[in-house]
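As you go down the protein sequences, you meet chains P and A in turn.
Position 279 (the first sequence) corresponds to 279 in the numbering used here; numbering is contiguous.
Position 204 (the second sequence) corresponds to 204 in the numbering used here; numbering is contiguous.
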Amino acid sequence: MFKGTAVTIALSLALLGGNLAQAASEFNPQISLILDGRYTHYNNESDYELPGFMLGGEAGRGEKGFALGHNELVLSANIDDLYYGKMTTVLADHDGATEVELEEAYIETLGLGSGASIRAGRFFSGIGYLNGQHPHSWDFADAPLIYRGLFGEALRDDGVQLSWVAPSHLYLKLGAELTRGAQFPAGGAANDGAGATAAFLKLGGDVGASHSWQLGLSHWSARIEGRRSAGHSHDGGATAIPAFSGESAISGIDAVWKWAPNGNAGTRNLKLQAEYFVRDEEGTVVMDDGSVAPESSRYDGRQSGWYAQTVYQFMPRWRVGLRYDQLGSDNNVPDPVVRAESGLDDEGQHPRRTTLMLDYSRSEYSRIRLQYAQDESYADNDNALTLQYTMSLGSHGAHRF
Amino acid sequence: MRRLFTLFGALWLLAVASPAAARLNLFACEPEWAALAAELGGERVTLYSATTARQDPHHIQARPSLIAQVRRADLVICSGAELEVGWLPLLLRQAGSPKVLPGRPGHFEASAFVERLEIPQQLDRAMGDLHASGNPHVHLDPRRLAQIATALTQRLAALDPNHADHYHQRQHDFGQRWQQALSRWEQRAAPLRGVRAVVHHKDWVYLFDWLGMVEAGTLEPKPGLPTSVGHLAALRRELAREPAQMILHTAYQNGRAAQRLAQMNGSTVVELPYTVGGSERAGDLFALFDETIERLLAARQ
Numbered sequence: 001m002f003k004g005t006a007v008t009i010a011l012s013l014a015l016l017g018g019n020l021a022q023a024a025s026e027f028n029p030q031i032s033l034i035l036d037g038r039y040t041h042y043n044n045e046s047d048y049e050l051p052g053f054m055l056g057g058e059a060g061r062g063e064k065g066f067a068l069g070h071n072e073l074v075l076s077a078n079i080d081d082l083y084y085g086k087m088t089t090v091l092a093d094h095d096g097a098t099e100v101e102l103e104e105a106y107i108e109t110l111g112l113g114s115g116a117s118i119r120a121g122r123f124f125s126g127i128g129y130l131n132g133q134h135p136h137s138w139d140f141a142d143a144p145l146i147y148r149g150l151f152g153e154a155l156r157d158d159g160v161q162l163s164w165v166a167p168s169h170l171y172l173k174l175g176a177e178l179t180r181g182a183q184f185p186a187g188g189a190a191n192d193g194a195g196a197t198a199a200f201l202k203l204g205g206d207v208g209a210s211h212s213w214q215l216g217l218s219h220w221s222a223r224i225e226g227r228r229s230a231g232h233s234h235d236g237g238a239t240a241i242p243a244f245s246g247e248s249a250i251s252g253i254d255a256v257w258k259w260a261p262n263g264n265a266g267t268r269n270l271k272l273q274a275e276y277f278v279r280d281e282e283g284t285v286v287m288d289d290g291s292v293a294p295e296s297s298r299y300d301g302r303q304s305g306w307y308a309q310t311v312y313q314f315m316p317r318w319r320v321g322l323r324y325d326q327l328g329s330d331n332n333v334p335d336p337v338v339r340a341e342s343g344l345d346d347e348g349q350h351p352r353r354t355t356l357m358l359d360y361s362r363s364e365y366s367r368i369r370l371q372y373a374q375d376e377s378y379a380d381n382d383n384a385l386t387l388q389y390t391m392s393l394g395s396h397g398a399h400r401f
Numbered sequence: 001m002r003r004l005f006t007l008f009g010a011l012w013l014l015a016v017a018s019p020a021a022a023r024l025n026l027f028a029c030e031p032e033w034a035a036l037a038a039e040l041g042g043e044r045v046t047l048y049s050a051t052t053a054r055q056d057p058h059h060i061q062a063r064p065s066l067i068a069q070v071r072r073a074d075l076v077i078c079s080g081a082e083l084e085v086g087w088l089p090l091l092l093r094q095a096g097s098p099k100v101l102p103g104r105p106g107h108f109e110a111s112a113f114v115e116r117l118e119i120p121q122q123l124d125r126a127m128g129d130l131h132a133s134g135n136p137h138v139h140l141d142p143r144r145l146a147q148i149a150t151a152l153t154q155r156l157a158a159l160d161p162n163h164a165d166h167y168h169q170r171q172h173d174f175g176q177r178w179q180q181a182l183s184r185w186e187q188r189a190a191p192l193r194g195v196r197a198v199v200h201h202k203d204w205v206y207l208f209d210w211l212g213m214v215e216a217g218t219l220e221p222k223p224g225l226p227t228s229v230g231h232l233a234a235l236r237r238e239l240a241r242e243p244a245q246m247i248l249h250t251a252y253q254n255g256r257a258a259q260r261l262a263q264m265n266g267s268t269v270v271e272l273p274y275t276v277g278g279s280e281r282a283g284d285l286f287a288l289f290d291e292t293i294e295r296l297l298a299a300r301q
């Protein structure tokens with residue numbers, strides 16, 4: 001009798017446990033943790049630069065040897081029937097200290113209707129194809145050179161985004177953003193803290209069951225007051241920080257094509273992707289060296305670049321990829337000292353890079369990648385070898401296109 | 001003049017007949033729900049299926065065409081129980097259409113209307129890709145499918161109240177044909193009771209629950225993980241002790257692992273349609289179960 005009761009209690013507890021597990025997964029915010037680490041070998045010791053580009057943000061080639069990548073903690077959930085919220089924090093080491101960076105923190109409407117939604121807070125801009133994707137979902141261990149050159153790594157800012165999806169068979173999405181303009185590649189939060197605007201258009205669809213595509217057009221512009229970039233010191237002297245003030249505008253086009261036999265990507269699938277961006281800037285560059293009368297120059301320039309990549313899954317779990325990057329610039333900076341030290345002198349270079357990668361995914365939550373890049377970004381050519389892991393735990397990630 | 005009248009007449013007819021414009025737009029996550037909605041909705045509904053029988057419903061990307069279709073939909077019909085967890089939430093957020101969000105009349109999760117099996121007591125990814133709400137492949141039990149048909153009819157009638165009778169009439173008709181088919185299937189499938197089968201993925205739990213078949217093992221070492229050589233060897237040892245007659249897989253699963261195991265232990269590989277469109281014959285829900293049972297019976301001999 002007693003034994004029977006004990007069994008019943010144990011059974012009910014087990015059942016209750018099952019229900020609790022279910023409830024927990026359905027009601028709590030979805031939490032996921034991204035773990036990213038790598039070992040990188042470079043055969044070039046000099047400081048990173050992209051001739052013709054004033055670098056900022058997180059632009060760089062990363063550290064040599066063992067290093068952590070983007071370790072992110074992501075929380076997201078529907079707030080109520082009208083709003084969705086998401087926050088991404090990045091934990092990264094900078095000069096021996098662990099820093100917490102708020103990468104994303106936004107709310108988004110769910111229920112405006114008629115295909116419209118509003119996003120507010122800090123978010124990745126909707127421009128380009130790769131821009132909205134987190135580094136852990138990239139197909140290569142690093143960003144394309146044009147993203148590195150123009151955006152630091154990706155364009156994100158604080159502000160609002162309005163988007164609309166058309167009620168058509170063809171996918172058509174329009175978006176507009178008004179943002180603070182304090183972060184690279186803007187700066188200074190001009191126009192009372194609403195210094196940057198962006199607009200984008202996306203079209204997409206399927207061709208039969210096996211093919212799908214997306215095409216995007218983007219534009220971004222900002223009034224910039226004192227955007228600071230990394231300085232260059234070619235003669236070993238003290239480095240002055242270039243600060244740009246003026247008008248900046250970026251236009252871009254992106255295209256993605258995916259193939260999988262009968263739309264079943266399980267065994268084999270192919271992805272082709274290319275983006276082109278061009279930036280026009282006009283204003284003044286001041287070389288801030290701490291003195292009362294720093295060197296300055298008028299600057300009128302244009303930088304552009306593109307990349308094309310393909311990734312092929314040739315059997316379950318295994319993928320190979322190839323990427324080619326190329327940049328160019330045409331900058332008019334009358335003052336020769338400013339030209340040399342700001343990074344705007346292209347030094348007769350056309351930065352380019354060829355990257356090969358192979359990755360293995362045990363499940364959709366884990367990936368190990370080997371990457372080789374022949375980097376001709378600047379005068380000293382470099383061969384870079386990267387071994388990287390990217391893993392996620394917690395809530396199930398979204399299968400983005 | 002007469003031609004003009006004819007033209008106006010034709011235009012008027014078009015306008016009157018434009019309930020075509022008032023038809024419900026249905027977005028089905030999987031072909032089985034599109035087929036069920038076709039049975040119940042008839043000419044009152046326009047159907048779009050997000051996936052085909054050749055695609056694994058776990059692994060779909062939220063691609064542009066799907067966002068556009070969810071944006072246009074009056075009703076989204078999915079399996080639920082986290083089968084579409086990787087793509088449906090993203091589609092719903094991207095489409096900006098509140099009427100199809102969870103909890104609204106335009107959102108229908110089939111598995112919520114039936115008793116689910118295999119609800120895990122413990123959630124740990126080391127055990128594979130588990131669904132906290134239980135096994136989501138509920139459509140392969142025709143008894144559960146009948147319950148879902150009742151719930152879906154009520155939903156269609158609520159969304160299109162002017163034609164509620166139409167949906168109830170069609171459900172009555174479908175229900176009668178389904179009951180007849182069900183007793184026919186159960187009679188035919190009686191010899192399958194107790195038959196042991198190895199499965200590729202845990203897609204067949206509800207079919208086995210209905211037919212009294214026994215799952216003798218899975219080709220996937222853990223749900224969602226591809227087969228490995230080591231796992232096949234272990235499975236083979238297990239089957240040497242307690243043999244299985246057949247190895248089941250779907251059209252969207254690679255049949256190679258099943259063939260390899262079959263070569264080792266001499267059991268029969270059966271590709272089952274799994275859903276509507278999964279074989280040449282399985283053109284609707286009735287044919288799906290006819291075909292499934294016939295193929296199982298053939299493999300038993």
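Virtual Cβ for every residue (Gly too), placed ideally from N, Cα, C.
Any chain P beta carbon closer than 8 Å to residue i
i: R72 (chain A); result: yes
i: S97 (chain A); result: yes
i: L225 (chain A); result: yes
i: R143 (chain A); result: no
i: T250 (chain A); result: no
i: R135 (chain A); result: Position check: residue 135 (chain A) holds Asn in this sequence, whereas Arg was assumed. It does not; no Cβ of chain P falls within 8 Å.
i: A162 (chain A); result: Here residue 162 (chain A) turns out to be Asn, not Ala, going by the sequence shown. With 8 Å as the cut-off, N162 (chain A) does not count as an interface residue toward chain P.
Bridge partners - residue i, DSSP secondary structure assignment
i: D81 (chain P); result: According to DSSP, D81 (chain P) bridges with nothing at all.
i: A198 (chain P); result: P:E177, P:W220
i: V70 (chain A); result: Its beta-bridge partners do not exist; DSSP assigns none.
i: N71 (chain P); result: P:L91
i: N25 (chain A); result: A:T46
Simplified DSSP state of residue i, which is helix, strand or coil
i: N262 (chain P); result: helix
i: A81 (chain A); result: coil
i: M54 (chain P); result: coil
i: H399 (chain P); result: coil
i: R228 (chain P); result: strand
i: A384 (chain P); result: strand
i: V338 (chain P); result: helix
i: L130 (chain P); result: coil
i: A116 (chain P); result: strand
i: F2 (chain P); result: Caution is warranted here: a pLDDT of 41 is assigned to F2 (chain P), below 50, making its placement in the model unreliable, and the coordinate value is therefore given only provisionally. It is helical.
i: H41 (chain P); result: strand
i: N265 (chain A); result: helix
i: E220 (chain A); result: coil
i: T150 (chain A); result: helix
Closer than 8 Å to chain A by CB, residue i
i: T197 (chain P); result: no
i: N381 (chain P); result: no
i: Y365 (chain P); result: yes
i: T89 (chain P); result: no
i: G266 (chain P); result: yes
i: G115 (chain P); result: yes
Under 9 Å by beta carbon: chain P residues contacting residue i
i: D203 (chain A); result: Those within 9 Å of D203 (chain A) in chain P number zero; the least Cβ separation is about 14 Å.
i: Q259 (chain A); result: Residues of chain P passing the Cβ test: none, with the nearest at roughly 15 Å.
i: H59 (chain A); result: N264, A265, G266, E364, H399
Given residue i as reference, the closest of the options once Cα atoms are compared
i: F184 (chain P); options: P:G195, P:P334, P:S76; result: P:G195
i: S168 (chain P); options: A:A132, A:L66, A:N162; result: A:L66
i: A357 (chain A); options: A:G278, A:H168, A:R196; result: Because residue 357 (chain A) is not part of the residues shown, which for chain A are 1 to 301, the question remains open.
i: A240 (chain A); options: A:A262, A:N254, A:S228, A:C78; result: A:A262
i: R122 (chain P); options: P:R352, P:T88, P:R317, P:L203; result: P:T88
i: L387 (chain P); options: P:S137, P:A67, P:S248; result: P:A67
i: T268 (chain A); options: A:L285, A:D284, A:L296, A:Q253; result: A:L296
i: L327 (chain P); options: P:L215, P:E376, P:S248, P:G188; result: P:E376
Chain A contact residues for residue i, given Cβ-Cβ distances below 7 Å
i: S168 (chain P); result: A68
i: H396 (chain P); result: V85, G86
Within chain C, partners of residue i - CB distance below 9 Å
i: Q326 (chain P); result: Although the question refers to chain C, the structure presented lacks it and instead comprises the protein chains P and A.
Proximal residues of chain A, C-beta to C-beta of residue i below 9 Å
i: L425 (chain P); result: Shown here, chain P extends from 1 to 401; a query on residue 425 (chain P) therefore has no answer.
Contacts that residue i makes with chain P (C-beta to C-beta distance below 8 Å)
i: G103 (chain A); result: D81
Neighbouring residues, chain P, relative to residue i (Cβ below 7 Å)
i: T275 (chain A); result: Chain P residues near T275 (chain A): none, gap ~13 Å exceeds 7 Å.
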